[in-house]
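Trainee: Numbering (full-length UniProt numbering), first residue to last: 1 to 326.
Yeah, the Cβ is synthetic: ideal placement off N, Cα and C, and Gly gets one too.
(1) Would you say residue 170 touches the ligand FMN, meaning its beta carbon is less than 7 Å from a heavy atom?
(2) In the DSSP assignment, what are the bridge partners of residue 242?
(3) Return yes when the Cβ of residue 244 is within less than 8 Å of the Cβ of residue 267, no when it is not.
(4) Rounding to the nearest angstrom, what Cα-Cα distance links residue 337 and residue 63 in this structure?
(5) Would residue 263 and residue 301 qualify as a contact pair, given that the criterion is a beta-carbon distance under 8 Å?
(6) Can you tell me whether residue 206 is helix, strand or coil according to DSSP?
(7) With a 10 Å radius around its C-beta and 16 neighbouring C-beta atoms as the bar for buried, classify residue 199 as buried or exposed.
(8) Round the Cβ separation of residue 130 and residue 174 to the nearest angstrom and send it over; I've been treating them as touching at under 8 Å.
(9) Since residue 252 sits in a beta bridge, which residues does DSSP pair it with?
(10) Let me check understanding here. Comparing Cα to Cα, which of 149, 105, 288 and 248 lies closest to residue 303?
(11) Alpha carbon to alpha carbon, how far is residue 14 from residue 85?
(12) Short check: CB of residue 285 to CB of residue 241, under 8 Å?
(13) Determine the extent of the beta strand (DSSP E) in which residue 296 is found, giving its start and end residues.
(14) Using the rule of at least 16 other Cβ atoms within 10 Å of the residue's Cβ for burial, across every protein chain shown, is residue 210 buried or exposed?
(15) Rounded to a whole number of angstroms, what is the C-alpha to C-alpha distance between residue 221 and residue 191?
(16) Is residue 143 helix, strand or coil by DSSP?
(17) Below 8 Å CB to CB, which residues in the same chain sit around residue 298 once its five sequence neighbours on both sides are set aside?
(18) Can you check which of these residues, 17, 196, 219 and 217, is closest to residue 208 by C-alpha distance?
(19) Bridge partners for residue 247 per DSSP, in chain order?
(20) What is the DSSP secondary structure of residue 81, reduced to helix, strand or coil?
(21) Starting from residue 307, follow the beta strand (DSSP E) in both directions and report where the run begins and ends.
(22) Secondary structure at residue 190, three-state DSSP: helix, strand or coil?
(23) How long is the line joining the alpha carbons of residue 37 and residue 101, rounded to whole angstroms?
(24) Following the continuous alpha helix (DSSP H) through residue 72, name the residue where it begins and the one where it ends.
(25) Just the Cα atoms here: how many angstroms apart are residue 123 and residue 178?
(26) What does the Cβ neighbour count give for residue 182, buried or exposed, with the cut at 16 atoms within 10 Å?
(27) Just to confirm my understanding: we take residue 65, look at its own chain, exclude 5 residues before and 5 after, and list those with CB closer than 7 Å. What are they?
(28) Looking at the structure shown, is residue 280 part of a helix, part of a strand, or coil, going by DSSP?
(29) Going straight from the alpha carbon of residue 385 to that of residue 171, what length do you get?
(30) In chain order, what residues of the same chain lie with their CB nearer than 6 Å to the CB of residue 239, ignoring the 5 residues before and after it?
(31) How would you call residue 225, buried or exposed, if buried means at least 16 neighbouring beta carbons within 10 angstroms?
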């Protein structure tokens, strides 16, 4: 029965019962109204209002739960769908809301996948240009500086050597940026080797990063491997930039339903800071492969990032260069 007919028929039944009671019962109303008659009419009105309030409360309660769910829904944080309760239009509304969320999440995942694929392609293009154009130009400058250092007088030679060192440092920085943009080691040697290289890259004088990796991992497709690598990379980048940490740990190990990646630091923690573009980007990547990402305060201070990704059978692919080397 629809909501309209439930309310209409309930009020109609109450009014009919009141009219029958007045018509057939001993209760009468005089003019002016007597105190006893006023009490009886007031009691009847109270009963009618209470019955209406209870019925409306029970009927509209699923709508209130749905409204609370709608105000807290975040497409980057999938939650359990509201339970279909009530009947008629209310149940249909909850079903339509759940279907809308499913459709929006699917569309968001598809659009994010296209955007991230375009981003990865652009990263590869920029990394290739840095390596081929800027890297080669700086290498040529280094060779020219070496030739100049061999022929200039001794007082000037020290200045040329300083320029050489500056150019060499710039070349190393360009190569480091290119490696971050395009993790070639991920394609050539696999996920564990890529994460080892990543932890070594972030280990500096102010920050020590330890890696603990399970070598007996379930099969993963290339997209899942890239998500794991990028989430670890973004997590370490946030630690290096914002956490003021001295020590961080990256762990990758087998779980019952797939693979768990954790990035833990001993820094200042999350505090009351809101999620920035980096964290939201990690959530978008997690949605692409059906993974679950949790960011919370660490057990002993700092921050703990955990990504649980389901195991997927690896698709047949071209053998890696390292496989031929073996």
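Mentor: For this structure:
(1) Inclusion of the ligand FMN in the displayed structure is not the case, the ligand content being empty and no account of it being possible.
(2) The sequence position of residue 242 within the chain shown is 242, counting from 1. For residue 242, DSSP assigns no beta-bridge partner whatsoever.
(3) As a first step, residue 267 must be located in the chain shown, where it is residue number 267. As a first step, residue 244 must be located in the chain shown, where it is residue number 244. Yes, these two residues count as a Cβ contact at 8 Å.
(4) Any property of residue 337 remains undetermined from this structure, which presents the chain solely from 1 to 326.
(5) The residue given as residue 263 occupies position 263 in the chain shown. The residue given as residue 301 occupies position 301 in the chain shown. No; because the gap between Cβ atoms is not below 8 Å, this pair is not in contact.
(6) Position 206 of the chain shown, counting from 1, holds the residue named residue 206. Coil.
(7) Translated into the one-based positions of the chain shown, residue 199 becomes position 199. When all chains shown are included, residue 199 counts as buried.
(8) For the purposes of this step, residue 130 is taken as the residue at position 130 of the chain shown. For the purposes of this step, residue 174 is taken as the residue at position 174 of the chain shown. Contact between residue 130 and residue 174 holds: CB atoms are separated by about 5 Å, below the 8 Å threshold.
(9) Taking the chain shown and counting its residues from 1, the one referred to as residue 252 is at position 252. Residue 252 has 213 and 261 as its beta-bridge partners, per DSSP.
(10) Counted from its first residue, the chain shown places residue 303 at position 303. Nearest of 149, 105, 288 and 248 to residue 303, Cα basis: 248.
(11) Working through the chain shown from its first residue, we reach residue 14 at position 14. Working through the chain shown from its first residue, we reach residue 85 at position 85. Our two residues, residue 14 and residue 85, have alpha carbons roughly 26 Å apart in a direct line.
(12) Here residue 285 refers to the residue found at position 285 of the chain shown. Here residue 241 refers to the residue found at position 241 of the chain shown. Their beta carbons are not under 8 Å apart, which means residue 285 does not touch residue 241 by this criterion.
(13) As a working note, residue 296 is residue 296 in the chain shown. Where residue 296 is concerned, the enclosing beta strand (DSSP E) stretches over 292-297.
(14) As a first step, residue 210 is located in the chain shown; it is residue number 210 there, counting from the start. By the 16-neighbour rule on beta-carbons within 10 angstroms, residue 210 is exposed.
(15) The count along the chain shown starts at 1 and reaches residue 221 at position 221. The count along the chain shown starts at 1 and reaches residue 191 at position 191. Spanning the two alpha carbons is a distance of roughly 11 Å.
(16) Within the chain shown, residue 143 is the residue found at index 143, counting from 1. Helix, per DSSP.
(17) As a first step, residue 298 is located in the chain shown; it is residue number 298 there, counting from the start. So the list reads 264, 265, 266, 269 and 304, once near-sequence residues are dropped.
(18) Here residue 208 is taken as the residue at index 208 of the chain shown, counted from 1. Residue 208 has its Cα closest to that of 196, out of 17, 196, 219 and 217.
(19) Your numbering for residue 247 matches position 247 in the chain shown. In the DSSP output, where bridge partners are listed per residue, residue 247 has 208.
(20) Along the chain shown, read from residue 1 onward, the residue named residue 81 stands at position 81. Here DSSP, grouped into helix, strand and coil, assigns residue 81 to coil.
(21) By one-based count along the chain shown, residue 307 stands at place 307. Bounds of the beta strand (DSSP E) holding residue 307 are 303-310.
(22) One-based indexing of the chain shown puts residue 190 at position 190. For residue 190, the secondary structure class from DSSP, reduced to helix, strand or coil, is coil.
(23) On the chain shown, position 37 is the one that residue 37 refers to. On the chain shown, position 101 is the one that residue 101 refers to. Straight-line Cα distance between these residues: approximately 56 Å.
(24) The count along the chain shown starts at 1 and reaches residue 72 at position 72. The continuous alpha helix (DSSP H) containing residue 72 extends over residues 35-72.
(25) In the chain shown, counting from the first residue as 1, residue 123 sits at position 123. In the chain shown, counting from the first residue as 1, residue 178 sits at position 178. Cα to Cα, residue 123 sits roughly 9 Å from residue 178.
(26) Residue numbering aside, residue 182 sits at position 182 when the chain shown is read from its first letter. Burial is judged here by how many other beta carbons sit within 10 angstroms of a residue's own beta carbon; residue 182 has at least 16 and is buried.
(27) Position 65 of the chain shown, counting from 1, holds the residue named residue 65. Excluding sequence positions up to five before and after residue 65, its CB lies within less than 7 Å of the CB of 82, all in the same chain and listed in chain order.
(28) Indexing the chain shown from 1 puts residue 280 at position 280. For residue 280, the three-state secondary structure derived from DSSP is helix.
(29) Nothing about residue 385 can be read from this structure; the chain reaches only from 1 to 326.
(30) Reading the chain shown from its first residue, position 239 is the one you call residue 239. Excluding sequence neighbours, residue 239 sits near 245, 248 and 265.
(31) Within the chain shown, the letter at position 225 stands for residue 225. For residue 225, the number of other beta carbons within 10 angstroms of its own is at least 16, and it is reported as buried.
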